[in-house]
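Report on the structure given below.
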Amino acid sequence: MFHTIIEPFRIKSVEALRFTTREERVRALEQAGFNLFLLRAEDVIIDLLTDSGTGAMSAAQWGALMQGDESYAGSRSFYRFQAVVQDLTGFRHIIPTHQGRAAERILFHSVLKAGEIVPNNNHFDTTRANVEAEGAEARDLVVAEGRVPALVHPFKGNIDLAALERTLQADGGRVPLVMVTVTNNSGGGQPVSMENLRSVRALCDKYRKPFILDACRFAENAWFIKQREPEFADWTPKRIAQAMFRLADGCTMSAKKDGLANIGGFLALNDDEWAERARTLLILTEGFPTYGGLAGYDLEAVARGLEEVVEEPYLRYRIRSTEYLAEKLVASGVPIIQPAGGHAIYIDARALLPHVPPLAYPGIALANALYVEGGVRAVEIGTVMFGLSPDGTESPAAMDLVRLAIPRRVYTQSHIDYVAEVVIKVASERDRLRGLRIVSTPRVLRHFTARFEELG
Ligand SMILES: Cc1ncc(COP(=O)(O)O)c(C=O)c1O
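Each residue of the sequence shown is one higher than the last, beginning at 1326 in the numbering used here.
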C-alpha cells in the first residue's frame, strides 16, 4: 500500500557527525597524501569505506554483551554461539576466530599444499592472499556475465559450472576443495543462485571434493534468492540460508558483515579430521577452541546478530537502501555496476573519467573528489589496488571502480540522499577532475599507505 520502505528500527543512541568545510577537507586530504585511508575518521562526514565491522549493533546485542561469560574454557557464551551457528548452518564443528581472514588462514594452512588450486567465483583479496601464502593458486571462475559492469543479470555472482568442471577434470588431483563466495564481494556484491549452489554440490559429489562457502554475506544472498528465484519466493530468509549452508561441507565467515558485529568470525566444518587440524592451529595462534580470539561478550553479540540478520524487515530495508542509491545514480547517468549489489554501489570511474588514463588512477581521482565535495569517503577498487605486479611493474587493473559500501543500520535515507547529491554533483563536474601520480609507496598492498600528488 505504501511505497516508502522505512528503516526497521528507531534510534536510541546517536553519534554526532562532525561537519567540516570544503577548505578543511582540502587541507586534510593534502596532509593524507591524497590517500583516503590516511585520513582521520573524524574528518569524514559519511564513511562508506567499508561495510565490515562498521555496522550498528542493536539494543539486544548491547544487552547481550553483559551476558558474556569470560571463562577461558567452556564458556556459556561459546555454547550459545555454537547453538546459533549450528541451527543456521547445520555444520558439525564450529570454530570461532577473531575475523574472516583468520578462518581462511587456519583452513588453508591446515588443508592446502603448494601447487594446489582453489576454484572460487571470485576470491576476496584476503582469501586470495591466504591461498597464495600456501603456494597454491586462487582460480576465479565467475560466469562471463559477472565480468560486464553494465549488464543486468539476476545472479552475476554464479560460478561458471563448465569452467569448474574443466578444472576438476583436468586438475582434479590438485583441487583439495571448491569455494563459492556469497555474495561475490570482488565481483560487485552480486548474488549466487540456489540453482548454481546445487550444481556446485553435484559437481563436488561427482569429483569427491569438499565444498566450502565464503559466507560473509549469506543473509543478503538469501534475500536475493527469495526475490529472484521463484521456487523460494515464499520461504523465509532463514530457511533459504539454512538450505544454502546445507549444500556445503563447511564455511569461512566474517561476522563483521552479516554477523552484525564489530568483530568476530568462524570456521565451520563437517569433516572431523580437518576440524581437528584446524583446532590445533587455532590454539597456536588464536586461542582455546571455545573462544578463538574473541571475548565471551563478542560471541554473544555475534550470536544475537546472526539471529537478527535473517529477519525479513531488516533484509528488505538493507537491500532496498542500496538499490535506492543505485537508482538515483543511474537516473542521473552515473555509470555503475548493475544491478546494485547487496552491500555496495560500484561506480565505474574509468567510464566516468575517460580523460584520466588508468595509470593516472581515475578511481583515486573520483574518490578524492567525493571527499572534497561532500566529506564522503569511498574506496578505489582499481589500478592502485590491483595494478602492481610482484616484479614491480605496473599495468591497468581490469576495471577502475569506486566502491560506496553501506554500513549496516548506520545511515538513514537522508544520509543516502545526501551521498547521491554529492556523487551527482561531482559527476556533473567530471571534466575538472585530474589524475594523480604516486610519490611514495610500499611494495605490497600499496593502496593502504601510498602517497600521491595531483597532476597539473
Ligand atoms: C567475501 C569476503 N571474504 C572474506 C573477508 C575477510 O573478512 P575479515 O575482514 O573479517 O578478515 C571479507 C572482508 O571484507 C570478504 O568480503
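Backbone N, C-alpha and C define an ideal beta-carbon position, used for all residues, glycine too.
Asked                                                                                                        : Found
Assigned secondary structure, D1368 (DSSP; H/G/I helix, E/B strand, else coil)                               : helix
Neighbouring residues (CB closer than 6 Å to any heavy atom of ligand 3)                                     : Absence of ligand 3 from the depicted structure is noted, with ligand 1 being the only ligands included.
Residue burial classification, E1754 (beta-carbon count within 10 angstroms, cutoff 16)                      : exposed
Residue burial classification, Y1616 (beta-carbon count within 10 angstroms, cutoff 16)                      : buried
N1445 beta carbon less than 7 Å from that of G1482                                                           : no
Residue span of the beta strand (DSSP E) that contains F1777, given as start and end                         : R1776 to E1779
With 16 other Cβ atoms within 10 Å as the buried cut-off, status of L1592                                    : buried
Presumed contact (8 Å Cβ cut-off) between L1374 and V1627, rounded CB distance                               : Contact doesn't hold; Cβ gap of about 22 Å is too wide.
Coil, strand or helix - E1611 by DSSP                                                                        : coil
Beta-bridge partners of R1762, as assigned by DSSP                                                           : E1778
Residue from F1359, P1721 and V1443 whose Cα sits closest to the Cα of S1765                                 : F1359
Best match in R1604, V1701 and R1645 for proximity to R1728 [C-alpha to C-alpha]                             : V1701
A1573 beta carbon less than 7 Å from that of P1562                                                           : no
Alpha-carbon to alpha-carbon, I1749 and L1354                                                                : 21 Å
Inter-residue CB distance, G1589 and K1581 (contact presumed, cutoff 8 Å)                                    : 7 Å
Range of the contiguous alpha helix (DSSP H) that encloses Y1671                                             : Run containing Y1671: none in the alpha helix (DSSP H); it sits in the beta strand (DSSP E), A1669 to D1673.
Rounded C-alpha distance that separates M1391 from R1405                                                     : 14 Å
Touching by the beta-carbon criterion (3+ pairs, under 8 Å), the segment 1401–1421 and the segment 1470–1488 : no
Three or more C-beta pairs below 8 Å linking the segment 1373–1388 and the segment 1596–1605                 : no
Beta carbon of E1441 nearer than 7 Å to that of R1533                                                        : no
Supposed contact pair E1490 and L1522 - C-beta distance, whole angstroms, cut 8 Å                            : Going by Cβ atoms, the distance from L1522 to E1490 rounds to 15 Å, so no, they are not a contact pair.
Close beta carbons around F1557, own chain, < 7 Å, minus the five adjacent residues each side                : M1519, I1550, K1551 and I1565
Proximal residues to M1710 (C-beta, below 6 Å), its chain only, five neighbours per side dropped             : H1772
Sufficient close CB pairs (3 or more, under 8 Å) joining the segment 1609–1624 to the segment 1415–1423      : yes
Closest Cα partner of G1781 within the set I1336, V1681 and E1633                                            : V1681
Segments assigned alpha helix (DSSP H), at least 4 residues, entirely inside the segment 1544–1630           : 1562–1571 and 1597–1610
Three-state class that DSSP yields for Q1663 in the structure shown                                          : coil
Identity of the residue in I1537, L1640, R1759 and D1559 nearest F1433 by Cα                                 : I1537
8 Å contact criterion, which F1543 and D1583 should meet: CB distance rounded                                : 6 Å
Where P1479 falls: helix, strand or coil (DSSP)                                                              : coil
Proximity of G1658 and A1674 at Cβ, strictly below 7 Å                                                       : no
Assigned exposure category for K1460 - 16 Cβ within 10 Å defines buried                                      : Looking at the sequence itself, residue 1460 is Gly, so the reference to Lys does not match. Per the 10 Å Cβ criterion, exposed.
From K1531, D1530, Q1494 and F1480, residue whose alpha carbon lies closest to that of V1507                 : F1480
Selected residue, minimal CA-CA separation from R1734, among N1510, E1332 and L1361                          : E1332
7 Å Cβ cutoff met for P1732 and D1465                                                                        : no
Exposure label - F1344; buried when at least 16 CB within 10 Å                                               : exposed
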